[in-house]
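Inspection log for the structure reproduced underneath, given as structure tokens.
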Amino acid sequence: MNLTSPSQVKAWCIENGFHPNRTLGQNFLIDRNALDDILDAAGLAEPTSVLEIGPGLGVLTEGLLARGHSVTAIEKDPVLADRLAAALGSPPALSVLKGDALEFIKDGACDGFRALVSNLPYQAGTRILMELIGRVPAIPETMVVLVQTEVAERLAAAPGSKTRGLAGVWMQLDYDVTPVRAVKAACFWPRPEVGSTVVRMTRHHRNDALTPAVRETFHRLTKQAFQHRRKQLGTIFKGVVESTARAEELSNEDWLGLAEVLAEHDIQEGNSET
Numbered sequence: 014m015n016l017t018s019p020s021q022v023k024a025w026c027i028e029n030g031f032h033p034n035r036t037l038g039q040n041f042l043i044d045r046n047a048l049d050d051i052l053d054a055a056g057l058a059e060p061t062s063v064l065e066i067g068p069g070l071g072v073l074t075e076g077l078l079a080r081g082h083s084v085t086a087i088e089k090d091p092v093l094a095d096r097l098a099a100a101l102g103s104p105p106a107l108s109v110l111k112g113d114a115l116e117f118i119k120d121g122a123c124d125g126f127r128a129l130v131s132n133l134p135y136q137a138g139t140r141i142l143m144e145l146i147g148r149v150p151a152i153p154e155t156m157v158v159l160v161q162t163e164v165a166e167r168l169a170a171a172p173g174s175k176t177r178g179l180a181g182v183w184m185q186l187d188y189d190v191t192p193v194r195a196v197k198a199a200c201f202w203p204r205p206e207v208g209s210t211v212v213r214m215t216r217h218h219r220n221d222a223l224t225p226a227v228r229e230t231f232h233r234l235t236k237q238a239f240q241h242r243r244k245q246l247g248t249i250f251k252g253v254v255e256s257t258a259r260a261e262e263l264s265n266e267d268w269l270g271l272a273e274v275l276a277e278h279d280i281q282e283g284n285s286e287t
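Following our numbering, the numbering of the sequence shown begins with 14 at its first residue and continues without gaps.
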């Protein structure tokens, strides 16, 4: 079956009594150019281990396998999971995990992959990415995902941007984020109500030396600040920070500087108590 042919994809669904579930984000990519752009954006010159979350009918899976990569695909829908391996002939380079990707991430089954290449489900896409990057140091070197444009803008948002938020701050702690191209709603079936964007995230390794204490403080501070994003930082962290800036105005370097000071203060306080 040609998975970039709308008529063939629709025919398979009808023949098998399968109704795409919007809650699970089952909007299948049916555009060959967009598919090739995603595969090219991954920049994987040599065969490598790739994690794919939400393969659906397997259009990306086929493309990755055709380029010589080994793929571990996690599919929540049991019908699609069973179809995937069977339709592709159960090649040795393909492993299909049936279940919730969030659970597999928490269990460590997604650790150690060279790359993540996925058309992520709209509803859970951001949460999946945040859980995945929380597994430092066993996180992918490269992640190329297709997400709704609003999510892409938040992931790439620079300091001072109105779209700057917790997802972008946390992602940029370990990745350089680059939107690659917009993908129109017409490139999917069923057609979603919003546009999508291909985003490439490349691990920059600038913060590999951060201690667990500093990382934990960084996440705690930024989470608290963005929960009160309309307030000035001096108000949120009264007695600790003197600043009229708001959360979205700070760069990651600013947040790290504050986190390092506070983490060291916490360590010293703990030592003095003992």
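Think of the CB as a built atom: it goes at the ideal place given N, C-alpha and C, for glycine as much as any other residue.
Check, Outcome
"Outcome for residue 187 when other beta-carbon atoms lying within 10 angstroms are tallied against a minimum of 16", "buried"
"Under the three-state DSSP convention, the category residue 28 falls into", "helix"
"Residue 194 versus 100, 88, 46, residue with shortest Cα-Cα distance", "46"
"Residue 262 - DSSP class collapsed to helix/strand/coil", "helix"
"Short Cβ contact (7 Å threshold) for residue 72 with residue 202", "no"
"N-terminal and C-terminal residue of the beta strand (DSSP E) that residue 132 is part of", "128-132"
"Integer-rounded CB distance, given that residue 227 should sit under 8 Å from residue 2", "In the structure as shown, the chain starts at 14 and stops at 287, and residue 2 therefore has no counterpart that could be examined."
"Where residue 122 falls: helix, strand or coil (DSSP)", "coil"
"For residue 176, three-class secondary structure by DSSP", "coil"
"Coarse secondary structure for residue 239, derived from DSSP in three states", "helix"
"Validate contact between the segment 57-68 and the segment 128-139 using beta carbons, cut 8 Å, 3 pairs", "yes"
"Buried/exposed call for residue 268, threshold 16 Cβ in 10 Å", "buried"
"The segment 171-178 contacting the segment 204-215, beta-carbon criterion three pairs below 8 Å", "no"
"Pairwise C-alpha distance: residue 139 and residue 287", "Low local confidence applies: a pLDDT of 43 at residue 287 is under 50, so the model's placement there is unreliable, and no value is given."
"CB contact flag (residue 231, residue 272, <7 Å)", "yes"
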